[in-house]
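Read through the structure below, which is laid out as structure tokens, and then see the notes.
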Amino acid sequence: MLAGEMNSENGLLPPVQRLLNELHASYAGVAEGNVATYIPELSLANPEWFGIALVTLDGHTYAVGDCDVPFTIQSISKPFVYGLALEDNGEDYVLSRVGLEPSGDAFNAISLDPGSGRPSNPMINAGAIATAGLVKAGDSDPLTRMLRMFETYTGRALTIDDAVRSSESETGHRNRAIGHLLRNFDIVDSDPEAVLDLYFRQCSISVTCRDLALMGACLANGGVNPVTGERAIRAEHVSRVLSVMGSCGMYNYAGEWIYRVGMPAKSGVAGGVLASLVGQLGIGVFSPRLDARGNSVRGVLVCDSLSRAYSLNMLNVPNVSRSGVRAAYGLTEVRSKRRRSAEASVALHREGERARVYELQGQLNFASVERFSRDAVERADEIDAYAIDFKRATGIDAGAIELLCNLLEQLCAAGEIVALADAEHLPGFGERVEALAATHTGLRLVENRDEAIEWCEDRLLETLGVPEPASVVALEENEFFDGLDVETIAALMAVAKQMSAPIGARIMNVGDSATSVFLLVRGSVSVTIDLPDSEVARLATYSAGMAFGQSALVGETVRTADVTADSEVEYFELRTAEIEALGRDDPRVLAAVYRNVARDLASELRMAGAEIRALAI
Ligand code: GLU
3 MLAGEMNSEN
13 GLLPPVQRLL
23 NELHASYAGV
33 AEGNVATYIP
43 ELSLANPEWF
53 GIALVTLDGH
63 TYAVGDCDVP
73 FTIQSISKPF
83 VYGLALEDNG
93 EDYVLSRVGL
103 EPSGDAFNAI
113 SLDPGSGRPS
123 NPMINAGAIA
133 TAGLVKAGDS
143 DPLTRMLRMF
153 ETYTGRALTI
163 DDAVRSSESE
173 TGHRNRAIGH
183 LLRNFDIVDS
193 DPEAVLDLYF
203 RQCSISVTCR
213 DLALMGACLA
223 NGGVNPVTGE
233 RAIRAEHVSR
243 VLSVMGSCGM
253 YNYAGEWIYR
263 VGMPAKSGVA
273 GGVLASLVGQ
283 LGIGVFSPRL
293 DARGNSVRGV
303 LVCDSLSRAY
313 SLNMLNVPNV
323 SRSGVRAAYG
333 LTEVRSKRRR
343 SAEASVALHR
353 EGERARVYEL
363 QGQLNFASVE
373 RFSRDAVERA
383 DEIDAYAIDF
393 KRATGIDAGA
403 IELLCNLLEQ
413 LCAAGEIVAL
423 ADAEHLPGFG
433 ERVEALAATH
443 TGLRLVENRD
453 EAIEWCEDRL
463 LETLGVPEPA
473 SVVALEENEF
483 FDGLDVETIA
493 ALMAVAKQMS
503 APIGARIMNV
513 GDSATSVFLL
523 VRGSVSVTID
533 LPDSEVARLA
543 TYSAGMAFGQ
553 SALVGETVRT
563 ADVTADSEVE
573 YFELRTAEIE
583 ALGRDDPRVL
593 AAVYRNVARD
603 LASELRMAGA
613 EIRALAI
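Counting from 3, one number per residue, gives the positions in the sequence shown under my numbering.
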């Protein structure tokens with residue numbers, strides 16, 4: 003089964019599949035090590051079994067070899083049960099019962115603190131038995147809860163291998179001794195035999211190396227199963243589980259493992275190895291021959307090779323872009339889609355640098371937002387309004403939330419205006435900024451960057467004393483008539499048809515035939531187009547005194563955008579045929595009309611150019 007399951011017809015293989023195939027082929031001949039025999043049933047394992055699986059955070063599984071052969075999870079269960087104990091009892095209580103220090107002793111050592119009886123860590127048997135004793139019954143019993151917990155990680159029903167369980171139960175005298183000793187110290191405070199029975203069952207859960215890889219991927223994915231989308235463990239416990247795997251997961255090889263492989267991992271005596279790299283992947287390897295420390299020989303080799311090939315050591319310095327700022331610019335460069343009066347346009351052109359737009363991107367953490375926060379503070383003297391766009395931020399950690407909220411509070415307290423676009427899609431951040439916005443009038447949450455920019459423009463125009471646009475502008479004052487003489491205007495007005503529409507009404511639809519120009523006398527309208535995923539993009543907002551639909555005069559035969567009334571509107575429809583008829587008698591009419599249309603189209607082109615420039619950064 004070396005070819006891997008993804009071989010396509012043209013013989014190409016995804017590179018990861020190819021590497022797994024190669025590693026499988028090159029290590030399948032390694033025959034060092036011995037199958038565990040101290041649990042008699044484990045000695046029946048076929049020493050040649052060998053499977054490798056890797057699960058990515060979009061839930062894809064790469065697999066090669068014996069990936070569907072079931073084996074018992076053994077010690078790999080320990081970190082996961084530790085996670086359940088943390089959920090059941092909280093961190094402080096669990097820490098009072100089980101320590102966090104690597105013992106340096108063998109996994110089955112009776113390594114208890116001489117005074118308190120507290121086991122050194124939850125990965126040695128003593129610590130794991132104590133941890134099993136901490137799992138609560140809930141509304142079923144500890145074993146059922148453990149199984150359900152493991153099933154959330156594997157996304158499939160799991161069973162216990164009873165032959166292995168009874169084999170260990172009959173021969174596990176050392177573990178029994180440990181269990182009773184823990185009872186003596188009150189680390190286990192119930193019947194030690196029941197806790198041991200639970201522990202033996204937990205170790206005998208039957209899994210495959212696909213399961214292990216997916217379990218690793220759940221931890222790497224912040225505790226959420228990337229295939230089912232179900233949460234397997236609360237986010238705050240993930241790093242705790244991974245840290246005990248990192249410091250004590252590979253028996254006495256833990257130090258060298260971190261040095262060479264650098265991924266939190268756990269192995270078990272049945273031959274399984276599970277590794278998890280936060281934010282990247284989960285790995286499961288199964289090969290029953292163990293080295294002197296109890297780790298699968300081929301499992302260690304595979305993880306070592308994978309880590310080298312793909313730079314998976316968690317202590318590698320990530321070569322990511324350190325800046326979370328994708329683009330930053332002032333409002334002289336980019337404007338909102340609201341068409342402004344000539345006076346407002348001039349003012350924004352002159353003073354646009356007093357408002358600044360920051361587009362943030364990627365995973366926001368300390369390193370990616372710290373510099374932005376410094377820049378925002380340093381510029382505060384010259385800037386009155388900030389528009390911060392989170393649309394392209396894919397995530398945010400608690401550190402970045404802390405830093406940004408502190409910045410926002412300070413900016414607001416200093417009287418700055420801040421509009422946040424699309425901040426609410428970031429879990430944890432959305433709630434914090436909503437709370438801030440409730441108490442700070444200068445802080446506004448809006449849906450997109452365009453709205454944020456519009457809000458900043460409005461505030462800036464207010465500060466600059468530019469009057470708000472009039473809500474009613476008489477028809478003869480419409481910009482469409484600029485440069486026309488009084489008679490022509492009167493003649494056009496005579497053939498214009500008066501219309502009105504309530505708020506939200508559709509005035510024009512994509513595909514309508516384009517035979518008229520519209521002159522707005524009251525209210526405002528927005529021109530929009532539909533984008534994929536039922537998103538809508540605004541192309542322009544016009545207010546009283548402006549004209550729309552003029553491209554009907556320059557060759558457009560059908561409408562290419564929708565127009566909707568933003569408020570109750572009154573407007574006049576002027577048929578292009580009427581304008582052309584007047585123009586036949588007096589060519590100067592057409593010249594003036596086209597000059598006005600050209601002026602508007604040129605200003606739209608300028609805005610589109612500025613936007614393209616900003617997008618290309
Ligand atoms: N059930 C096994 C024991 O307690 C687990 C050991 C292991 O996988 O390290 O001996």
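Yeah, the Cβ is synthetic: ideal placement off N, Cα and C, and Gly gets one too.
On a predicted model such as this, the values are computed, not experimentally measured, just so you know.
Please confirm whether any heavy atom of the ligand GLU lies closer than 7 Å to the CB of residue i.
i: CYS205; result: yes
i: VAL275; result: no
i: GLU103; result: no
i: SER77; result: yes
i: GLU170; result: yes
i: ASN315; result: no
i: ASN408; result: no
i: ASN177; result: yes
i: ASN48; result: no
i: VAL299; result: no
i: PHE109; result: yes
Apart from the five residues just before and just after residue i, which ones in its own chain have a Cβ nearer than 6 Å to its Cβ?
i: CYS414; result: HIS442, GLY444 and LEU445
i: ALA220; result: Ala is not the amino acid found at residue 220; the sequence shown has Cys there. Only TYR155, ASN227 and ALA234 meet the Cβ criterion.
i: LEU136; result: ALA87 and ASN91
i: LYS268; result: ILE78, PRO81, MET247, GLY251 and LEU276
i: MET151; result: LEU86
Alpha carbons only, please: which of the options is nearest the one belonging to residue i?
i: VAL475; options: PRO42, ALA549 and ARG597; result: ALA549
i: ARG242; options: GLY225, GLU558 and LEU333; result: GLY225
i: ALA593; options: PRO42, ALA215 and GLY485; result: GLY485
i: GLY281; options: ALA472, ASP94, ASP60 and ARG561; result: ASP60
i: SER343; options: ASP588, ILE531, GLY251 and ASP602; result: ASP602
i: ARG577; options: ARG597, LYS499 and ALA604; result: LYS499
i: THR210; options: GLY326, ASP487, ASN186 and SER289; result: SER289
i: GLU449; options: VAL271, ASP391 and ASN12; result: ASP391
i: ALA423; options: VAL538, GLU453, SER118 and VAL379; result: GLU453
i: GLU89; options: ASP191, VAL560, GLU238 and ASP293; result: GLU238
Based on DSSP bridge pairs, tell me the residues matched to residue i.
i: ASN36; result: LEU292
i: SER515; result: VAL560
i: PHE374; result: Paired residue(s): none; PHE374 is not in a bridge.
i: ALA389; result: VAL359 and ALA421
i: GLU411; result: Its beta-bridge partners do not exist; DSSP assigns none.
i: LEU445; result: VAL420
i: TYR331; result: VAL359
Going along the chain, which residues of its own chain have a beta-carbon closer than 7 Å to the beta-carbon of residue i, five neighbours each way excluded?
i: ALA618; result: none
i: LEU4; result: A caution first: LEU4 carries a pLDDT of 43, below 50, which makes its placement in the model too unreliable to give a value.
i: GLU153; result: ALA159 and LEU160
i: GLU456; result: SER338 and ARG340
i: ALA616; result: ALA329, TYR331, GLU335 and VAL336
Please report how far the alpha carbon of residue i lies from the alpha carbon of residue j, in whole angstroms.
i: VAL435; j: GLN76; result: 46 Å
i: ALA350; j: ARG356; result: A small correction: the amino acid at residue 350 is Leu; Ala does not occupy that position in the sequence shown. Using only the alpha carbons, I get a separation of about 9 Å.
i: LEU462; j: SER375; result: 22 Å
i: MET8; j: GLY31; result: Note that MET8 scores 49 on pLDDT, short of 50, meaning its location in the model is unreliable; the coordinates nonetheless yield the value given after this. In a straight line, the C-alpha of MET8 is about 24 Å away from that of GLY31.
i: ARG147; j: GLY157; result: 15 Å
i: LEU477; j: CYS407; result: 48 Å
i: CYS458; j: ALA387; result: 6 Å
i: ILE162; j: TYR201; result: 12 Å
i: GLY218; j: ARG212; result: 10 Å
i: VAL304; j: VAL287; result: 8 Å
i: LEU333; j: MET495; result: 37 Å
i: ILE385; j: GLU418; result: 8 Å
i: GLU572; j: GLY432; result: 39 Å
i: VAL420; j: ARG373; result: 18 Å
i: LEU46; j: ASN367; result: 50 Å
i: LEU97; j: ALA128; result: 14 Å
i: SER118; j: ASP383; result: 60 Å
i: ASP141; j: LEU149; result: 14 Å
i: THR58; j: ALA272; result: 25 Å
Residues in the same chain with beta-carbon distance under 8 Å from residue i, minus the five sequence neighbours each way, listed in chain order, please.
i: GLY430; result: ILE398, ALA400 and ILE403
i: SER309; result: ARG262, VAL263, GLY264, MET265 and ASN315
i: GLU613; result: VAL336
i: ARG394; result: ARG328, GLU361, LEU362, GLN363 and GLY364
i: ILE165; result: The sequence shown places Ala at residue 165, rather than the Ile named in the question. Counting only Cβ-Cβ distances below 8 Å, and skipping sequence neighbours, we find GLU43.
i: ALA669; result: Lying outside 3 to 619, the shown extent of the chain, residue 669 is not represented and no answer is given.
Verify the contact flag: residue i, CB atom, against every heavy atom of the ligand NAP, threshold strictly below 7 Å.
i: PHE368; result: The model on display carries the ligand GLU but not the ligand NAP.
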